[in-house]
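*Asks:*
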DNA sequence: TCCGGATGTAAACGGTTGCTGACTTAGGAA
DNA sequence: TTCCTAAGTCAGCAACCGTTTACATCCGGA
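Chains as they are written, first to last, in my numbering: chain A, 12 to 217; chain B, 12 to 217.
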């Protein structure tokens with residue numbers, strides 16, 4: 012059952028040196044991201060990842076210590092790429108824009124890898140802590156658009172609403188990718204923007 | 012890593028006959044539901060389930076053919092219990108009520124098992140089809156509250172909104188149970204009703 | 001009372017898992 | 001050219017996976 016659909020063996024980066032530790036690390040990371048995001052942690056085997064990356068299995072343990080370590084590196088990379096802080100407090104429409112694009116996936120990838128990875132858990136405390144921190148800051152960014160600011164006492168209600176909005180986004184990603192539920196799974200970015208806009212303003216205000 | 016926290020070995024039903032196929036089937040189903048819901052399909056082992064149920068492992072294959080078969084039986088039971096058709100078309104407030112209670116879990120269970128199971132996939136086509144059908148009819152029930160009725164041409168937008176509402180509910184369940192994200196994970200039914208009500212009316216109208 | 005099917009048990013099967021250690025090989029520094 | 005280290009290979013381990021098989025045991029109907 013394991014192998015399944017290969018995650019489109021990564022073969023970009025022409026003119027690579029034949030022996031380049033940094034490059035093989037990247038190859039492993041890219042392949043692992045896709046596998047973990049698409050199939051989940053425990054359904055993914057290290058041999059699958061190594062095959063997709065075109066790399067020997069043992070190198071996973073060399074460069075990432077363990078399967079857990081590789082997963083944690085994937086999650087951490089999501090934190091870096093998703094956590095690029097936009098200068099200043101974003102507005103609700105800005106949040107809507109970035110969310111909808113993240114939600115259908117960047118055109119370069121065929122999956123919204125970042126958000127899909129956020130849905131996955133390995134059960135390991137290290138990776139889960141990173142994941143939680145990403146979500147926390149993500150939600151705080153959304154709450155800030157509604158007037159919330161850090162350390163604000165008694166404003167849990169606003170933070171809760173932002174976290175609910177985040178839940179909705181992740182739920183949409185999950186149902187779009189892991190079920191064939193129509194019209195949701197076939198909906199385009201434009202189809203989603205309207206309902207999602209209503210959802211956001213209802214939770215966070217105009 | 013597998014065994015983990017035991018899923019509170021099921022020991023209800025006093026005065027059971029010592030050898031009762033129907034009863035052991037139920038024991039296996041209850042234990043499996045908790046494991047699958049809490050840990051996911053591939054992270055759950057048949058030995059875990061059998062231990063929790065206090066039953067020999069081989070009986071899983073006897074009564075459910077395979078691990079897949081057991082999972083499919085769990086999903087099907089969700090369909091039965093969740094799909095109890097309320098007479099007539101529900102109103103949005105009624106949907107809100109049933110959704111919030113389902114969302115925090117029935118007081119008898121410590122988890123919202125029904126919705127958590129809906130989040131899980133085994134990759135098997137049989138179980139996934141059942142899952143999809145449950146979600147479809149669930150979303151159609153919600154859309155009906157907003158005036159949608161089956162076969163309505165061009166009303167995909169309304170069905171899409173209902174499916175987004177369902178996504179939101181499932182996303183909330185996922186984040187509440189699989190991450191320690193506060194205040195969301197500690198929110199009570201009352202805390203959730205307000206934001207969730209706004210969300211529903213924004214998507215489906217009053 | 002006896003028997004036969006239903007129910008439960010124990011052990012093992014082949015395959016897969018993550019991981020390791022001993023090894024070869026490439027490629028730059030001397 | 002030589003040599004040493006980083007990078008990659010290979011075979012295999014021990015544990016675990018889902019499943020099967022052969023066997024024990026119970027219990028209701030004859």
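Even for Gly, the Cβ is constructed at its ideal location relative to N, Cα and C. Values in this document were obtained by computation on a predicted structure and should not be read as measured data.
Just mark residue 172/B as buried or exposed, buried being the case when its beta carbon has 16 or more other beta carbons within 10 Å.
*Replies:* buried
*Asks:* My assumption, with CB atoms under 8 Å, is that residue 211/B sits in contact with residue 103/B. Please give the rounded CB distance.
*Replies:* 6 Å
*Asks:* In three-state DSSP terms, what is residue 33/A?
*Replies:* helix
*Asks:* Using a Cβ cut-off of 8 Å (strictly closer), state whether residue 36/A contacts chain B.
*Replies:* no
*Asks:* 8 Å is my cut-off, CB to CB: does residue 53/A come that close to chain B?
*Replies:* yes
*Asks:* Is it the case that the CB of residue 49/B approaches a heavy atom of the ligand SAH more closely than 7 Å?
*Replies:* Here there are no bound small molecules, and the ligand SAH is not part of this structure.
*Asks:* Can a CB atom of chain B be found closer than 8 Å to the CB of residue 153/A?
*Replies:* no
*Asks:* Using a Cβ-Cβ cut-off of less than 8 Å, give me the residues of the segment 123 to 137 of chain B that come near chain A, in sequence order.
*Replies:* Flagged, chain order: 130, 132 and 134.
*Asks:* Could you tell me the alpha carbon to alpha carbon distance between residue 121/B and residue 84/B, rounded to whole angstroms?
*Replies:* 21 Å
*Asks:* For residue 152/B and residue 177/B, what's the separation of their Cα atoms in angstroms?
*Replies:* 11 Å
*Asks:* Using a Cβ-Cβ cut-off of 8 Å, state whether residue 142/B counts as contacting chain A.
*Replies:* yes
*Asks:* Using only CA atoms, which one of 162/A, 35/A, 107/A and 47/A lies nearest to residue 69/A?
*Replies:* 35/A
*Asks:* Entirely within the segment 136 to 215 of chain B and at least 4 residues each: give me those alpha helix (DSSP H) ranges in chain order.
*Replies:* Here the runs fully enclosed are 136 to 156, 167 to 189 and 200 to 215.
*Asks:* Taking residue 191/B as the query, report the chain A residues whose CB atoms sit under 7 Å from its CB, ordered along the chain.
*Replies:* Correct list: 143.
*Asks:* To the nearest angstrom, how far is the alpha carbon of residue 220/A from that of residue 157/A?
*Replies:* Examination of residue 220/A is not possible in this model, given that chain A is present from 12 through 217 alone.
*Asks:* Check whether the segment 187 to 196 of chain B touches the segment 139 to 146 of chain A, taking contact to mean three or more Cβ pairs, one atom from each stretch, closer than 8 Å.
*Replies:* yes
*Asks:* Out of curiosity, what's the CA-to-CA distance linking residue 92/A and residue 91/B?
*Replies:* So the two alpha carbons sit approximately 42 Å from each other.
*Asks:* How about the segment 46 to 63 of chain A and the segment 38 to 54 of chain B: do they share at least three Cβ pairs that are nearer than 8 Å?
*Replies:* Yes, the segment 46 to 63 of chain A touches the segment 38 to 54 of chain B.
*Asks:* Does the separation of the CB atoms of residue 170/B and residue 198/B fall below 8 Å?
*Replies:* no
*Asks:* Less than 8 Å between the C-beta atoms of residue 129/A and residue 145/A, yes or no?
*Replies:* Residue 145/A sits close to residue 129/A, with the two beta carbons spaced by under 8 Å.
*Asks:* Under 8 Å, CB to CB, which of the residues in the segment 169 to 185 of chain B have a partner in chain A?
*Replies:* 170, 171, 172, 174, 175, 177, 178, 179, 180, 181, 182, 183 and 185
*Asks:* What three-state label does DSSP hand residue 54/B in the structure shown?
*Replies:* coil
*Asks:* Return the Cβ separation of residue 66/A and residue 38/A in integer angstroms, given the expectation that the two are a contact with Cβ distance under 8 Å.
*Replies:* 6 Å
*Asks:* Could you work out which residues of chain B lie near residue 194/A, taking near to mean beta carbons separated by less than 9 Å?
*Replies:* 167, 168, 170, 171 and 174
*Asks:* Measuring CA to CA, which of 163/A, 40/A, 30/A and 95/A is closest to residue 75/A?
*Replies:* 40/A
*Asks:* Flag this pair as yes or no: are the beta carbons of residue 195/A and residue 174/B separated by less than 8 Å?
*Replies:* yes
*Asks:* Hey, would you say residue 123/B sits closer than 8 Å to residue 110/B, going by beta carbons?
*Replies:* no
*Asks:* Applying a beta-carbon distance threshold of less than 8 Å, which residues of chain B neighbour residue 147/A?
*Replies:* 192
*Asks:* When the Cα of residue 94/A is compared with those of 143/A, 168/A, 166/A and 78/A, which residue comes out closest?
*Replies:* 143/A
*Asks:* The alpha helix (DSSP H) spanning residue 73/A covers which residue range?
*Replies:* 69 to 75
*Asks:* Would you mind stating whether residue 127/A and residue 48/A have Cβ atoms separated by less than 8 Å?
*Replies:* yes
*Asks:* Does residue 93/A get closer than 8 Å to chain B when you measure Cβ to Cβ?
*Replies:* Taking Cβ atoms only, chain B never reaches closer than 8 Å to residue 93/A, which makes this a no.
*Asks:* Measuring only between beta-carbons, confirm whether residue 48/A sits less than 8 Å from chain B.
*Replies:* No, residue 48/A does not count as interfacial toward chain B.
*Asks:* Could you give the distance in angstroms between the alpha-carbon of residue 206/B and the alpha-carbon of residue 214/A?
*Replies:* 6 Å
*Asks:* Mapping the DSSP letters down to three states, classify residue 66/A as helix, strand or coil.
*Replies:* coil
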